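Visitor:
2 protein chains.
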Amino acid sequence: MRKKNSTNFINEKYLHERCALNVAIDVIGSRWVSQIIFSISQGANRFHLMKEELPNISEQVLSRKLNTLEKQNIIIKRAIPDTIPLGVRYILTSKGESLLPIFESLCAWGKSYDLGA
Amino acid sequence: MRKKNSTNFINEKYLHERCALNVAIDVIGSRWVSQIIFSISQGANRFHLMKEELPNISEQVLSRKLNTLEKQNIIIKRAIPDTIPLGVRYILTSKGESLLPIFESLCAWGKSYDLGA
DNA sequence: TTTATAGCTCACTATTTTGTTAGTTATTGT
DNA sequence: ACAATAACTAACAAAATAGTGAGCTATAAA
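Chains as they are written, first to last, in numbering that gives the first Met the number 0: chain A, 0 to 116; chain B, 0 to 116.
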């Protein structure tokens, strides 16, 4: 649980109010998140498929990230009808989809400067 | 100091190797960093000017972020000749400059979805 | 009946990041 | 002599994030 009176929290709020850039960075800047979004976009849209895609992530962490992304309206959780046990599929919202081109830019940036170029 | 045998560290390495996107996100994804880079690009290129621009950042944190950015080759530190005490100016490398358009995309993304649009 | 799969959650610890307080070097202004 | 400015750093504490291990519900297959 976050302490809502900590300097840490206050600074986060300050930055969010200062510029939406900081909001965006808080969404995408935590571990696994961009990989999860990318995996969903590539069809790995179920819990067990994401586990396969990201073999080093723990189930607890994956679950937490998915919940956060759902609250942020980046993904939506959908039950898959007539599956037993009931399957769940995740889909990107338009908000989530619109991150993909930005990920490409960041990826290209990372690649081109990999060796200090 | 980081523990180089922690799962945390190993996962970070795994993600960096998996895709340069994760390298990029680790550069820009920590607090204040994007604001610092942006401030330098706008001319707030000295320690005391950045303190003015970001009144809530502590000197220790600002110093740490600047050192990290220097090691990552995003900024370069330059002494200002004939100043007493010796002034220091920070300038963006081309690697640093090339983040600016990405920041704009992220900023636009953040703005357009601010109210759950 | 045991094992397996899907999709989680809970309580917890470990690790890392962020922020605090005080102090440094050198020089100028009062 | 004393305070102020510029540009830090060191040692530390607080907070947040990441990861661990066990367990749950429901069904089906061996």
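Glycine residues also receive a C-beta, built at the ideal position from the N, C-alpha and C atoms.
All values reported here derive from a predicted model rather than from experimental measurement.
Would you mind sorting K64 of chain A into buried or exposed? The rule is 16 or more other CB atoms within 10 Å of its CB.
Guide: Along the first sequence, one-based indexing puts residue 64 of chain A at 65. With 16 or more other Cβ atoms within 10 Å, it is buried.
Visitor: What's the C-alpha gap between L105 of chain A and S111 of chain A?
Guide: Looking up residue 105 of chain A in the first sequence gives position 106. Looking up residue 111 of chain A in the first sequence gives position 112. Straight-line Cα distance between these residues: approximately 10 Å.
Visitor: Would the region 19-38 of chain A and the region 55-64 of chain A be scored as touching if the rule is three or more Cβ pairs under 8 Å?
Guide: Yes: at least three Cβ pairs fall under 8 Å.
Visitor: Cα separation between V26 of chain B and Q71 of chain B?
Guide: Against the second sequence, residue 26 of chain B aligns to sequence position 27. Against the second sequence, residue 71 of chain B aligns to sequence position 72. Their Cα atoms are separated by approximately 8 Å.
Visitor: Which same chain residues end up closer than 7 Å to K76 of chain B when comparing Cβ atoms and leaving out the 5 residues on each side of it in sequence?
Guide: Here the question's residue 76 of chain B lines up with position 77 in the second sequence. Closer than 7 Å at the Cβ level, and outside the excluded window around K76 of chain B, lie E69, V87 and Y89.
Visitor: Is N21 of chain B close to chain A, meaning its C-beta is less than 8 Å from at least one C-beta of that chain?
Guide: Working through the second sequence from its first residue, we reach residue 21 of chain B at position 22. Cβ-Cβ to chain A under 8 Å: yes for N21 of chain B.
Visitor: How is the beta strand (DSSP E) around Y89 of chain A delimited, first residue to last?
Guide: Within the first sequence, the letter at position 90 stands for residue 89 of chain A. Segment G86 to L91, the beta strand (DSSP E) holding Y89 of chain A.
Visitor: Whole angstroms is fine: what's the gap from L99 of chain A's alpha carbon to K12 of chain B's?
Guide: Position 100 of the first sequence, counted from the start, is the residue given in the question as residue 99 of chain A. Position 13 of the second sequence, counted from the start, is the residue given in the question as residue 12 of chain B. When rounded, the distance between both Cα atoms is 22 Å.
Visitor: Which residue marks the beginning of the alpha helix (DSSP H) containing A107 of chain A, and which one marks its end?
Guide: Sequence index remark: in the first sequence, residue 107 of chain A carries index 108 (1-based). First-last of the alpha helix (DSSP H) with A107 of chain A: L99 to S111.
Visitor: Flag Q75 of chain A as yes if its beta-carbon sits less than 8 Å from any beta-carbon of chain B, otherwise no.
Guide: Numbered from its first residue, the first sequence carries residue 75 of chain A at position 76. The sequence given here places Ile at residue 75 of chain A; Gln does not occur at that position. Output row for I75 of chain A: interface = no.
Visitor: Based on the DSSP output, what are the partners of K76 of chain B in its beta bridges?
Guide: In the second sequence, counting from the first residue as 1, residue 76 of chain B sits at position 77. DSSP lists B:Y89 as partners of K76 of chain B.
Visitor: Of all the residues that make up the region 50-79 of chain A, which are near chain B by a beta-carbon distance shorter than 7 Å?
Guide: Residues N55 and N72.
Visitor: Does M0 of chain B come out as helix, strand or coil in the three-state DSSP assignment?
Guide: Along the second sequence, one-based indexing puts residue 0 of chain B at 1. Three-state result, M0 of chain B: coil.
Visitor: Which residues in chain A have a C-beta closer than 7 Å to the C-beta of Q41 of chain B? List them in chain order.
Guide: Position 42 of the second sequence, counting from 1, holds the residue named residue 41 of chain B. Those do not exist, as Q41 of chain B stays about 12 Å from chain A at its closest Cβ, beyond 7 Å.
Visitor: Within the 8 Å Cβ cut-off, does I35 of chain A reach chain B?
Guide: Indexing the first sequence from 1 puts residue 35 of chain A at position 36. By this cut-off, I35 of chain A is not an interface position.
Visitor: As a quick exercise: from B:L14, B:I36 and B:H15, pick the residue whose alpha carbon is nearest that of S93 of chain B.
Guide: Residue numbering aside, residue 93 of chain B sits at position 94 when the second sequence is read from its first letter. Out of B:L14, B:I36 and B:H15, B:I36 has the C-alpha closest to the C-alpha of S93 of chain B.
Visitor: Which value, in whole angstroms, describes the spacing of the CA atoms of H47 of chain B and N55 of chain B?
Guide: Mapped onto the second sequence, residue 47 of chain B falls at position 48. Mapped onto the second sequence, residue 55 of chain B falls at position 56. About 13 Å.
Visitor: Taking 8 Å as the CB-CB limit, is S97 of chain B close to chain A?
Guide: As a working mapping, residue 97 of chain B is identified with position 98 in the second sequence. Chain A, which has a Cβ nearer than 8 Å to the Cβ of S97 of chain B, makes this yes.
Visitor: What is the DSSP secondary structure of R17 of chain A, reduced to helix, strand or coil?
Guide: In the first sequence, the residue the question calls residue 17 of chain A occupies position 18. Helix.
Visitor: With a Cβ-Cβ cutoff of 8 Å, do S38 of chain B and E52 of chain B count as a contact?
Guide: As a working mapping, residue 38 of chain B is identified with position 39 in the second sequence. As a working mapping, residue 52 of chain B is identified with position 53 in the second sequence. Yes, they are a contact pair.
Visitor: Could you tell me which whole alpha helix (DSSP H) segments of length 4 or greater appear in the region 33-57 of chain A?
Guide: 46-52, all fully within the region 33-57 of chain A.
Visitor: Give the C-beta separation of L20 of chain A and G95 of chain B to the nearest angstrom, bearing in mind that I take them to be a contact with Cβ-Cβ under 8 Å.
Guide: In the first sequence, counting from the first residue as 1, residue 20 of chain A sits at position 21. In the second sequence, counting from the first residue as 1, residue 95 of chain B sits at position 96. That pair is no contact at about 15 Å.
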